[in-house]
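Notes follow the structure.
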DNA sequence: AGCACGCCGACT
DNA sequence: GTCGGCGTGCTC
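Residue numbers (our numbering): 6 to 670.
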C-alpha cells in the first residue's frame, strides 16, 4: 500500500465527494495543507470542507495537480480518514467508466466496491497480526491444459465455456458441481502464474462450492466477498485484496469491483442468473462491469455456465468472446411427451415419470423440480384437466378462498367460467407448489423420504440415500454422488411466464437441474413439446439461442440493442428525450403512463419511456440522458421548496440502463 | 441538500 | 431609496 502516489509537493488535490447528488459527481479541487503534504496519497479517504467552512464532507483523493482551473480560492483538505489508499487507480477508472455507461454516479459504484472502515481491523492488518489463511496455502501446480488456459487469460483472452454436468467428489470427501472444480482450477492456475483472479458467482451456495474446491487444492487464502460476512470480515478481506500480492477473490456480484494486484482474469459463473444484476443505482449487471474491467485492465474473462446467456451468445456471435469448442459432458435427457400419454396428469406427474422416479429411488436420491413454493393452488378444468385461464386477461386462476376462484393477475372472479378446450364448466383445484407436491408424493410414494427445498428453506446438500427431493427452480440441493433421476415438472407453466427471456430462463433452470444428476443418471422433462423443450432435450440450446437472438435483432429487443428506461413527470421525461434528438441508431417507445400504486407506491401522473440504442451510441446516449438528469436535479431544489420536506420529488427523472425487465408485463 | 445571490414589488 | 419576496444556480 506504500506505493500509492503521493502529493510530492503538488499543491492541489482532486477529490471525488461522497454524494448522492448527480450534479456533484465530478472532481473538486482542494489545497494540500503543509501539515498533510507528506502523508496525503492517491486513493485515500479524506474529510473536506464543503458548502461552508465548517460543514465537512467525505471523499476520495483521485489525483494531484500543480494548479487548479477553479476560479475561486481553494479550501484545504481537512483530515485524512485512513492512511490506507482504499481506492486503487484501477478501481477508480472502472467505477468512472461503469457509472458513465449506466448514467449513474461513480460514488454509487464505489459504495459497492469499498466497505466501511474498521479501525480495529486496520490496526491488525498493519501490525501483520491479521489472520491470513493464505500463509498456509500449498503451491499449486496446474496441469498443462490449465496452465495454457491461465496463460491465455492473462493475455486478455475472453472465453465462454459450457461447463460439464454432474457433481464431483473432492479429495476432502466433499461433493461439488464439476463446474465449481473447473472454475477453481482455472483460478488457481491464474494465481500460480503470479496474477490475481476474481471469481464471481451468483449466490452463497455457489460460493461455498468454489470455496470447497479451492480449499481441497490447498488454497484457503482466498478473499471472500459475501453477503453473510460481518463488516469486519468484509473489511479484513478488502485489505488483503489491497495487498501488493496476487490473490484469489471469490464473491458475489460486488466482487467484480474488488481491488486486485496484477489482475489476470475475471471468472464468472452462470451470468444469466438474475442475482448478478445489481439492485442498487445505477443497476449495473456484474457481467457488464466485468466486461468493462477486463477491457480496461487487459485481464482475461471467462464466462462459465451450463446454459449460455443471450448476452454472452451475442458476444460470441460478434467474435468478441471465444466459445469453447469441445463439447462438455451432459446428462441424458428424456423428453416425455405428456400430451400423448392418456390421463398423464391424473396425479402430479405423468405415469412414465413416476416410473422413472420409482426406478431412481431404488438406488439413490431423486430430484423433482417444481415452479413455485408452498401450495400454489391453481384451477384446472374438471373435465379435460387443462389449466384454467381468466376470461378478462388470460392470467392463471387461483383460489384465495377455497370456494371461489379468482384471477391471480387482475383479481377478476371466475364466475360463469367455460373451458375453451372442451367446453367444461367445472373448475377443479390443484396444488402445484413444492409443499403441496411433497404431500402428494408422500402418499404416491409411501415409505419414501420426501425432502423439501425452496427459496425460504433452502437445503444445500443431501446425502446419497434414496430420497425424493422436491425443490423450486434454483433451490435444488446438491446430492452426494448426484441424483439418479431429475424430473422437471411445470414446464408449460415456466415457459408461460410472460417475460422476454422466458425461454432462456427455462433453459438455464433445466440445465442447472440436469447438471445435478449422477453421470449415469437421467433427466426427464415432462412436457407437450415446443421449440425450447426440443432444444433442451436434444442438447441444441445454443442453436435455439442463436435463432432467438436473430428474432430479437429484427424486433430491436435487447440484447441486440441496449435499452434505457426514462421515468418521471411527463415534462421531465419529454425534456430528457429531447436531448436525444438527431442521434442515429436511437429510438424510443412511449412515454406511456406508469401504473400508479405498484411496488413502491408510485404516485399517479408519472410516465415512462423506453429508449433503444445501438451499442456504439451507448456512451453518447448515456451522456445526454445524464445531462438531462443533472439539469433536472439542479433545478429541483427551487421547485421542491414550499412542498412538504422529507419525501423526494416524485416527478424527478430516473434513469435505468439495461434493465432486464422493461419489456415484461 | 442548503445557502447565497439577484431581480422585481411594497414599504419607511 | 431599500427591505425582502422567492426563483436560480453553485457548492472546490
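Quick reminder that beta carbons are idealized off the backbone N, C-alpha and C, glycines included.
Being a predicted model, the structure only gives us computed values, none of them experimental.
Straight-line gap, residue i to residue j (C-alpha atoms, nearest Å)
| i | j | result |
| --- | --- | --- |
| residue 232 | residue 492 | 32 Å |
| residue 449 | residue 460 | 25 Å |
| residue 52 | residue 261 | 27 Å |
| residue 455 | residue 469 | 14 Å |
| residue 572 | residue 654 | 12 Å |
| residue 513 | residue 548 | 14 Å |
| residue 108 | residue 567 | 13 Å |
| residue 186 | residue 150 | 14 Å |
| residue 496 | residue 180 | 28 Å |
| residue 389 | residue 422 | 14 Å |
| residue 362 | residue 479 | 20 Å |
| residue 59 | residue 22 | 16 Å |
| residue 337 | residue 209 | 28 Å |
| residue 55 | residue 62 | 6 Å |
| residue 522 | residue 183 | 11 Å |
| residue 106 | residue 145 | 38 Å |
| residue 358 | residue 667 | 37 Å |
| residue 31 | residue 115 | 14 Å |
| residue 490 | residue 474 | 10 Å |
| residue 65 | residue 97 | 10 Å |
| residue 310 | residue 143 | 28 Å |
| residue 155 | residue 198 | 7 Å |
| residue 534 | residue 540 | 10 Å |
| residue 465 | residue 235 | 21 Å |
| residue 457 | residue 188 | 29 Å |
Residue i, buried or exposed, once every other Cβ within 10 Å from all chains shown has been counted against 16
| i | result |
| --- | --- |
| residue 177 | exposed |
| residue 13 | exposed |
| residue 488 | buried |
| residue 302 | buried |
| residue 669 | exposed |
| residue 620 | exposed |
| residue 75 | exposed |
| residue 509 | buried |
| residue 577 | buried |
| residue 141 | exposed |
| residue 340 | buried |
| residue 7 | With a pLDDT of 49 at residue 7, under the threshold of 50, the modelled position of that residue is not reliable, and the figure given next carries that caveat. Its Cβ having fewer than 16 others within 10 Å, residue 7 is exposed. |
| residue 193 | buried |
| residue 241 | buried |
| residue 253 | buried |
Residue i: first and last residue of the uninterrupted alpha helix (DSSP H) it sits in
| i | result |
| --- | --- |
| residue 243 | 236 to 247 |
| residue 209 | 209 to 221 |
| residue 180 | Unbroken run through residue 180 is the beta strand (DSSP E), 180 to 182; no alpha helix (DSSP H). |
| residue 357 | 356 to 366 |
| residue 512 | 507 to 519 |
| residue 442 | 439 to 449 |
| residue 302 | 291 to 302 |
| residue 557 | 546 to 560 |
| residue 9 | Residue 9 -> no alpha helix (DSSP H), and no H or E assigned at all. |
| residue 113 | 111 to 118 |
Nearest-angstrom beta carbon gap, residue j and residue i [assumed within contact, 8 Å]
| i | j | result |
| --- | --- | --- |
| residue 238 | residue 372 | That belief does not hold up - the Cβ atoms of residue 238 and residue 372 are roughly 33 Å apart, past 8 Å. |
| residue 35 | residue 81 | 6 Å |
| residue 221 | residue 175 | 4 Å |
| residue 366 | residue 471 | 5 Å |
| residue 551 | residue 322 | 7 Å |
| residue 430 | residue 380 | Contact flag wrong, Cβ pair sits at about 25 Å. |
| residue 264 | residue 196 | Actually they are not in contact, since the Cβ atoms of residue 264 and residue 196 sit about 16 Å apart, beyond 8 Å. |
| residue 9 | residue 46 | 4 Å |
The beta strand (DSSP E) enclosing residue i, as first and last residue numbers
| i | result |
| --- | --- |
| residue 340 | 337 to 342 |
| residue 166 | 163 to 167 |
| residue 145 | Per DSSP, residue 145 belongs to no beta strand (DSSP E) and is neither H nor E. |
| residue 592 | 591 to 598 |
| residue 3 | There is no way to answer for residue 3, as the model of the chain reaches only from 6 to 670. |
| residue 172 | 172 to 174 |
| residue 615 | 612 to 618 |
| residue 473 | 472 to 477 |
| residue 67 | 57 to 70 |
Check: residue i C-beta below 8 Å from any heavy atom of the ligand MN
| i | result |
| --- | --- |
| residue 583 | In the structure shown, the ligand MN is absent, as is every other ligand, since no ligand is present at all. |
Are there three or more Cβ pairs, one per stretch, closer than 8 Å when the stretch 324 to 331 is compared with the stretch 130 to 137?
Under the Cβ criterion (8 Å, minimum of three pairs), the stretch 324 to 331 does not count as touching the stretch 130 to 137.
Quick check: the stretch 292 to 312 against the stretch 161 to 175, are at least 3 beta-carbon pairs closer than 8 Å?
Flag = yes, the stretch 161 to 175 and the stretch 292 to 312 touch.
Quick test of the definition: if touching needs 3 or more C-beta pairs under 8 Å, does the stretch 266 to 284 touch the stretch 199 to 216?
As far as the Cβ criterion goes, the stretch 266 to 284 touches the stretch 199 to 216, which means the pair count is three or higher.
Specify whether the stretch 626 to 634 and the stretch 108 to 123 touch according to this definition: at least 3 beta carbon pairs, one from each stretch, less than 8 Å apart.
Yes: at least three Cβ pairs fall under 8 Å.
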